[in-house]
Amino acid sequence: MTDSDTTDRTSYAPFILMDTGRYRSLMLTDEHMWAREPIFAERAGEGWSGNGYDWASVAQVVVAEQLADVAHAFSFDPEAGMFSASGPRAALERLGAALHALWASDDALRDVLARAELD
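The sequence shown begins at 0 in numbering that gives the first Met the number 0 and counts up by one.
This is the structure:
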């Protein structure tokens with residue numbers, strides 16, 4: 000870890016706010032995704048599985064509904080095994096807080112999934 004690395008692994012857990020000083024990203028890796036897979040599995044017939052692409056779809060609803068003032072600041076680059084959003088730290092902190100709250104509530108996650116579109 001360098002002096003400019005202010006990565007936060009706890010505030011938004013299981014999401015990680017990686018901040019190396021040169022690059023900032025909010026991430027969720029596949030080792031944690033499985034914990035919410037049953038919620039996505041309820042909609043498996045529609046194609047949901049709980050992978051990184053699905054979390055990007057969820058995050059886009061959160062951004063549109065709660066963070067519209069900073070929506071332009073985010074760039075999403077998911078993979079099957081990882082959710083990743085990059086942008087300015089302040090915007091990522093807000094997204095991290097929103098996704099952390101969503102993670103903690105099965106009902107809230109179901110609610111957002113009802114409005115999300117598969118990527």
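For each residue, glycine too, the CB sits at the ideal point set by N, CA and C.
Item                                                                                                                                                                         : Value
Can you tell me whether DSSP reads D7 as helix, strand or coil?                                                                                                              : strand
Give me, in chain order, the residues of the same chain whose beta-carbon lies closer than 7 Å to that of D105; leave out the 5 immediate sequence neighbours on both sides. : I38
Following the continuous alpha helix (DSSP H) through D18, name the residue where it begins and the one where it ends.                                                       : Note, D18: premise wrong, no alpha helix (DSSP H); beta strand (DSSP E) at I15 to D18.
Would the beta-carbon of V61 fall within 8 Å of that of L98?                                                                                                                 : yes
Taking the C-alpha atoms as reference points, what is the distance between L25 and A84?                                                                                      : 5 Å
Here's the rule I'm using: 16 or more other beta-carbon atoms within 10 Å means buried, otherwise exposed. How should G95 be labelled?                                       : buried
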